[in-house]
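Asks:
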Amino acid sequence: MHNQLLEKLGIAPFQRADLGEIQVIRDAPGRPHEGKVFAAVHAHLDDVPYYAAGLCAKLISEGYTGYIIRTSNDEKRGGGTPAENILRNEQEHYRMAAALGFKEVFDFYYQNHEMDAISSLDIRGRLILLFRLLKVDTVISFNPWGHGEENPDHWVTGRAVEEACWMCGVETDFPEHLEAGIQPYPVREKYYFYGRPGQPYNRVVDISSHIEKKIDAIVECRAQGGGNLGSQLRARLAREGKRLPLLGDDDRTADRAFVREFLLDDDREFGRPYGLACAERFYYIDLRPPARTKVDEYVEKYAVPL
Ligand SMILES: [Zn+2]
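Okay, so the sequence shown: first residue is 1052 according to the working numbering, each after it adds one.
#1: Kindly list the residues whose CB is nearer than 6 Å to the CB of H1198, restricted to its own chain and excluding five residues on each side of it in sequence; keep chain order.
#2: Assign Y1242 to one of two classes, buried (16 or more other C-beta atoms within 10 Å of its C-beta) or exposed (fewer than that).
#3: Taking all protein chains shown into account, do 16 or more other C-beta atoms lie within 10 angstroms of the C-beta of R1285, making it buried, or fewer, making it exposed?
#4: From Q1275 to E1227, what distance separates their C-alpha atoms?
#5: If you draw a straight line from the alpha carbon of R1273 to that of A1305, how long is it in whole angstroms?
#6: Using the beta-carbon count (16 or more within 10 Å), is R1139 buried or exposed?
#7: Just mark L1338 as buried or exposed, buried being the case when its beta carbon has 16 or more other beta carbons within 10 Å.
#8: Report the CB separation of E1331 from A1103 in whole angstroms; it is logged as a contact under 8 Å.
#9: Please report the distance separating the alpha-carbon of I1266 from that of R1146.
#10: Under 7 Å: does the beta carbon of A1094 sit that close to some heavy atom of ligand 1?
#11: Run through the DSSP bridge pairs and tell me what Y1102 is partnered with.
#12: Taking DSSP as the reference, what is the three-state secondary structure of P1064?
#13: Tell me the residue span of the beta strand (DSSP E) that contains I1257.
#14: Grouping DSSP H, G and I as helix and E and B as strand, with all else coil, what is K1241?
#15: Considering only their Cβ atoms, is the gap separating V1255 from V1075 smaller than 8 Å?
#16: What do you get for S1123, buried or exposed, if any count of 16 or more other CB atoms within 10 angstroms of its CB means buried?
#17: Enumerate in chain order the residues of its own chain whose CB-to-CB distance from A1108 is below 6 Å, with the five nearest sequence positions on each side excluded.
#18: Over the uninterrupted alpha helix (DSSP H) stretch that includes V1346, give me the two end residues.
#19: Expressed to the nearest angstrom, what Euclidean distance is found between the alpha-carbon atoms of Y1349 and V1355?
#20: Let me know the beta strand (DSSP E) ranges lying completely inside the segment 1075 to 1125, each 3 residues or longer, listed in chain order.
#21: So does the segment 1076 to 1094 actually touch the segment 1191 to 1209, counting three or more Cβ pairs closer than 8 Å?
#22: Threshold first: 4 residues or longer. Then list the alpha helix (DSSP H) segments lying entirely within the segment 1294 to 1347, N to C.
#23: Classify T1344: buried if its beta carbon has 16 or more other beta carbons within 10 angstroms, exposed otherwise.
#24: With 16 other CB atoms within 10 Å as the buried threshold, where does A1268 fall?
#25: Determine the direct distance from the alpha carbon of G1086 to that of Y1236, and round the result to whole angstroms.
#26: State the DSSP-derived secondary structure class of Y1161, mapped to helix, strand or coil.
#27: Could you tell me which of F1089, A1308 and Y1252 sits nearest to G1154, measuring between CA atoms?
#28: Kindly indicate which three-state DSSP category V1187 falls into: helix, strand or coil?
#29: Indicate whether V1238 and V1190 have their beta-carbon atoms separated by less than 8 Å.
#30: How would you label R1082, buried or exposed, when you count the other beta carbons within 10 angstroms and need 16 or more for buried?
#31: Is any heavy atom of ligand 1 found at a distance shorter than 7 Å from the C-beta of H1205?
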């Protein structure tokens, strides 16, 4: 039976052998990730807010320092001229990042919807510099091989992130960084978005206790992402002499209520098979070296004095 049908019936989906068991990740007590750094790399203002705002809020609350990198200039979305759209998206990106608690924002400003024409080496080099400079342990980004991905900005960004993750640990790549005092630093953990139906996932992250932060992030996405649909609906109804009690008495309340009621269906659906109020899906890759290698064990067992 198809996984999506199983989920509609409230039955946990089958495992895919190549992905391993699906792990349900719940809130961790304390701050187990203190000292660790993650970079969320997306292309557009509203990518991280929808795909991973809950995970980002959770990791920051558990001790991570988070940085956000936006690769495109978002010039095509926002209802204005390209220049107006770039400014609107830029300003809203800062507000969205502040709402989630990111420490710093980086914008690459590649031309929106045209990122398949940029040099892959250019974007990879810029990511490698940032990953090394910030000492990034964990990345959150697009699945570079994600099924059904139709937006070139998404897959170009995902491919560059995947390449940068291991090359930033290789000292012979961009050796001038070392001359500048920036050391190699490999990324050890990766979370790829569940970006389109049918994409693989092996982690279901419980974001129930972080849903207010996710709503905080989405309501800042007004140039794109539907963050102001609630206040727009409230204004339209008022012109027609009507009101919806759901939308409250002010624009902020209306926007938050609209997001909660109408824009988080995926999160609720992803949580349902596991008894969670809200969840996000990820394809997680763990590249952390084992504490003891097979060679360590062999040496310990068989090494003899000279
Ligand atoms: Zn996008």
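The beta carbon of each residue, even a glycine, is placed where N, CA and C say it ideally should be. All values derive from a computational prediction rather than experimental measurement.
Replies: Well, looking at it:
#1: Stepping through the sequence shown from its first residue, residue 1198 is reached at position 147. The residues G1249 and Q1250, in chain order, have a CB closer than 6 Å to that of H1198 in the same chain once the five nearest residues on each side in sequence are set aside.
#2: Taking the sequence shown and counting its residues from 1, the one referred to as residue 1242 is at position 191. Taking all protein chains shown into account, Y1242 has 16 or more neighbouring C-beta atoms within 10 Å of its C-beta and is therefore buried.
#3: In the sequence shown, counting from the first residue as 1, residue 1285 sits at position 234. Around the beta carbon of R1285, 16 or more other beta carbons sit within 10 angstroms, so the residue counts as buried.
#4: Taking the sequence shown and counting its residues from 1, the one referred to as residue 1275 is at position 224. Taking the sequence shown and counting its residues from 1, the one referred to as residue 1227 is at position 176. The straight-line gap from Cα to Cα measures roughly 39 Å.
#5: Here residue 1273 refers to the residue found at position 222 when the sequence shown is read from its first residue. Here residue 1305 refers to the residue found at position 254 when the sequence shown is read from its first residue. The straight-line gap from Cα to Cα measures roughly 13 Å.
#6: As a first step, residue 1139 must be located in the sequence shown, where it is residue number 88. With a threshold of 16 other beta carbon atoms within 10 Å, R1139 meets it and is buried.
#7: What you label residue 1338 is simply residue 287 of the sequence shown in a count that begins at 1. Around the Cβ of L1338, a 10 Å sphere holds fewer than 16 other Cβ atoms; the residue is exposed.
#8: Numbered from its first residue, the sequence shown carries residue 1331 at position 280. Numbered from its first residue, the sequence shown carries residue 1103 at position 52. Yes, they are in contact, since the Cβ atoms of E1331 and A1103 sit about 6 Å apart, within 8 Å.
#9: Counting from one through the sequence shown, the residue named residue 1266 turns up at place 215. Counting from one through the sequence shown, the residue named residue 1146 turns up at place 95. Take the alpha-carbon of I1266 and the one of R1146: they are about 13 Å apart.
#10: Translated into positions along the sequence shown, residue 1094 becomes position 43. Within the cutoff, so yes.
#11: The count along the sequence shown starts at 1 and reaches residue 1102 at position 51. Note: Y1102 is not bridge-paired with any residue in the DSSP secondary-structure output.
#12: In the sequence shown, residue 1064 corresponds to position 13, counting from 1. Here P1064 scores only 49 on pLDDT, less than 50, and its place in the model should not be relied on; the value that follows carries that caveat. Coil.
#13: Against the sequence shown, residue 1257 aligns to sequence position 206. The identity of residue 1257 in the sequence shown is Asp, whereas the question assumes Ile. For D1257, the enclosing beta strand (DSSP E) begins and ends at R1254 to D1257.
#14: The sequence position of residue 1241 within the sequence shown is 190, counting from 1. In this structure, K1241 counts as strand in the three-state DSSP scheme.
#15: Mapped onto the sequence shown, residue 1075 falls at position 24. Mapped onto the sequence shown, residue 1255 falls at position 204. Yes, the Cβ-Cβ distance between V1075 and V1255 is below 8 Å.
#16: Counting from one through the sequence shown, the residue named residue 1123 turns up at place 72. The residue is buried, with at least 16 neighbouring Cβ atoms inside 10 Å.
#17: Locating residue 1108 in the sequence shown gives position 57, where the first residue counts as 1. Closer than 6 Å at the Cβ level, and outside the excluded window around A1108, lie L1151, H1261 and K1264.
#18: If you number the sequence shown from 1, residue 1346 lands on position 295. Annotation: the continuous alpha helix (DSSP H) that includes V1346 extends over K1345 to Y1353.
#19: As a first step, residue 1349 is located in the sequence shown; it is residue number 298 there, counting from the start. As a first step, residue 1355 is located in the sequence shown; it is residue number 304 there, counting from the start. The alpha-carbon atoms of Y1349 and V1355 are separated by roughly 11 Å.
#20: Counting only runs that start and end inside the segment 1075 to 1125, the beta strand (DSSP E) elements of at least 3 residues fall at 1088 to 1093 and 1116 to 1123.
#21: Yes, the segment 1076 to 1094 is in contact with the segment 1191 to 1209.
#22: Qualifying alpha helix (DSSP H) stretches, in chain order: 1302 to 1313 and 1316 to 1322.
#23: The residue labelled residue 1344 in the question sits at position 293 within the sequence shown. It is exposed - the Cβ of T1344 has fewer than 16 other Cβ atoms within 10 Å.
#24: For the purposes of this step, residue 1268 is identified with residue 217 of the sequence shown, where counting begins at 1. Its Cβ being crowded by 16 or more others within 10 Å, A1268 is buried.
#25: The sequence position of residue 1236 within the sequence shown is 185, counting from 1. The sequence position of residue 1086 within the sequence shown is 35, counting from 1. Rounded to whole angstroms, Y1236 and G1086 show a C-alpha spacing of 15 Å.
#26: Translated into positions along the sequence shown, residue 1161 becomes position 110. Reduced to three states, the DSSP call for Y1161 is strand.
#27: Working through the sequence shown from its first residue, we reach residue 1154 at position 103. Reading the sequence as shown, one finds Lys at residue 1154 and not Gly. If we check each option's Cα against that of K1154, F1089 comes out closest.
#28: For the purposes of this step, residue 1187 is identified with residue 136 of the sequence shown, where counting begins at 1. It is coil, neither helix nor strand.
#29: Your numbering for residue 1238 matches position 187 in the sequence shown. Your numbering for residue 1190 matches position 139 in the sequence shown. Contact check for V1238 against V1190 passes: the beta carbons are separated by less than 8 Å.
#30: By 1-based counting over the sequence shown, the position of residue 1082 is 31. Classified as exposed, R1082 has fewer than 16 neighbouring CB atoms from the shown chains inside 10 Å of its CB.
#31: Here residue 1205 refers to the residue found at position 154 of the sequence shown. Indeed, a heavy atom of ligand 1 lies less than 7 Å from the Cβ.
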